[in-house]
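Residue numbers (this note's numbering), protein chains in the order written: chain A, 1 to 112; chain B, 1001 to 1440.
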């Protein structure tokens, strides 16, 4: 089992969700995040005073998947989130040792 | 007594009172989220504190029988002799004295509240209460007497101030500078970004201020008449031209027009037109509002160049805008609008009025700066004016008021009962677990 984590542009969330549903994903966790990569931040101006804002708003999403589905899930996220401009984000895959569905106590692949 | 005049000044009093919660929102949106309630409190609590002080002593010091053109006597202490007859010196000759005194109360509330934008985000609540009380009695009341009382020395000199360019805006603006020089800069000023946390709130506050300002300026005619109508129009033109002036300036300088710029410009235009609203025609009002917007959009940058921390630009907007309006009155004033006024430069009156306006501006600047600095230092030395470094980092909402403005997530913890509170009766349904001595 793997945990696929992605940081994407907030306005691409719906497209990513649709792409994940299309490959059979039935659960997804989303949270608001802030960060910077090569994109760096942006400038805000209040009464003529300029401020460099280092961290820009991003959306972080997490999906637990079977080993067999990792590649198509990553592909779905990349396809859904891409705009071809700087700041599109990243996807990474980390091993998940155990997964438990709290309601039933099911474990492993059955809990996904 | 005139019922129409009385009705209009009653409504105007309510309009001017409404400006103070408007100011609270205007300022509250511009601070960081951790200071929003404390900043709202600085305006809203003034409605409580100043109202009472005004009735007890403030009013009589401003509008009581004259002593040397400098201050009022004690004949109206506790609103004694303030009743249904008009003010004995003919202030608002067609409305009850009690109404004139109440209308003036609303000005006395918002003027010190304007100052609070300068020391926002770092003031102890007890120090704020002491400062505001002393400032009302020792600065606001005398200056109001000089300018608005028929025996006041600036009134007799012939300086014009229709609704408070000197008394309200220059007075509050220079006091703001004096008090921030005593209080000092916020931690991280000029290094860390201190960006407004909710400009939607600021825009709503701007709308309420603009709306209430009709009572402030058109109400200052103290009657339901042509002068009130003329001042009403001039007020709207001042605000409009100020908003346009600021937006034009920043779209040239910073490439973009901002909502905060338009809001600030509207207020700057309103400030500038305040002393002139009942003395200038529509074109004069546009010129004054536009000048207010342009000059103030430049003046808000002074704090970074000169190194004082005027958090929400009270100096840049109220001091600069008040000076612009008071001096341009010497250019645009015309007796065609108000026969009790004086012709300024463009109406063929020469520089005489301008000279008097300069005297009024300088006198207000000097008196208010010196006395405010004395009050601020006295409060700082006794009660303390500034929060501790730790309290400033936590934010004044939590450190001064034990509240937070935005509880956006479920909080964890437990109900902390005060030790003397009786135990909650056991009832079915709702259960409150009372931890002895306070849990959290």
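Note that the Cβ used here is the ideal one computed from N, Cα and C, for glycine as well.
Residues that DSSP places opposite residue i in a beta bridge
i	result
residue 1083/B	The partner list for residue 1083/B (beta bridge, DSSP) is empty, contrary to what the question assumes.
residue 75/A	Residue 75/A pairs with nothing; no bridge assigned.
residue 1123/B	1386/B
residue 52/A	43/A
residue 120/A	In the structure displayed, chain A extends from 1 to 112; residue 120/A sits before or after that span and is not available.
residue 1066/B	1072/B
Interface flag, residue i vs chain B, CB-CB below 9 angstroms
i	result
residue 100/A	no
residue 62/A	no
residue 35/A	no
residue 44/A	yes
residue 5/A	no
residue 53/A	yes
residue 49/A	yes
residue 96/A	no
CB of residue i within 9 angstroms of CB of residue j, strictly
i	j	result
residue 1304/B	residue 1220/B	no
residue 1049/B	residue 1129/B	yes
residue 1276/B	residue 1234/B	yes
residue 1286/B	residue 1237/B	yes
residue 1062/B	residue 1148/B	yes
residue 1071/B	residue 1150/B	no
residue 7/A	residue 65/A	no
residue 1372/B	residue 1135/B	yes
residue 46/A	residue 1196/B	yes
residue 1224/B	residue 1242/B	no
residue 1401/B	residue 1125/B	yes
residue 97/A	residue 23/A	no
residue 1059/B	residue 1082/B	yes
Residue i in three-state terms, based on DSSP
i	result
residue 32/A	strand
residue 1275/B	coil
residue 1145/B	helix
residue 1222/B	coil
residue 1252/B	helix
residue 39/A	coil
residue 1088/B	coil
residue 117/A	The question about residue 117/A has no answer, for chain A in this structure spans 1 to 112.
residue 1433/B	Confidence in residue 1433/B is poor, its pLDDT being 48 and thus under 50, which makes the residue's placement too unreliable to answer from.
residue 1156/B	helix
residue 25/A	coil
residue 1305/B	helix
residue 1191/B	coil
residue 1404/B	coil
residue 113/A	This structure leaves residue 113/A out entirely; chain A is present only between 1 and 112.
residue 1295/B	helix
residue 1044/B	helix
residue 100/A	strand
residue 1106/B	helix
residue 1232/B	helix
residue 1021/B	helix
residue 1340/B	coil
residue 1150/B	coil
residue 1175/B	helix
Same chain only: Cβ atoms within 7 angstroms of residue i, ignoring 5 sequence neighbours per side
i	result
residue 1201/B	1025, 1028, 1029
residue 1259/B	1199, 1203
residue 38/A	86
Chain-order list of residues whose beta-carbon lies under 6 angstroms from that of residue i (same chain, five-residue window excluded)
i	result
residue 1120/B	1031, 1039, 1311, 1312
residue 1167/B	1143, 1144, 1147
residue 1320/B	1295, 1296, 1299
residue 1218/B	1228, 1231, 1232
residue 26/A	none
residue 1369/B	1174, 1178
Sequence-distant residues of the same chain with beta carbon closer than 8 angstroms to residue i, five excluded per side
i	result
residue 1099/B	1006, 1009, 1010, 1013, 1092
residue 1317/B	1173, 1264, 1267, 1268, 1271, 1296, 1299, 1300
Residue-chain proximity (residue i, chain E), Cβ-Cβ < 9 angstroms
i	result
residue 1088/B	Absence of chain E from the displayed structure is noted, the protein chains being A and B.
Cβ of residue i within 9 angstroms of any chain A Cβ
i	result
residue 1311/B	no
residue 1326/B	no
residue 1254/B	yes
residue 1258/B	yes
residue 1301/B	yes
residue 1316/B	yes
residue 1026/B	no
residue 1195/B	yes
residue 1293/B	no
residue 1045/B	no
residue 1297/B	yes
residue 1119/B	no
residue 1264/B	yes
residue 1348/B	no
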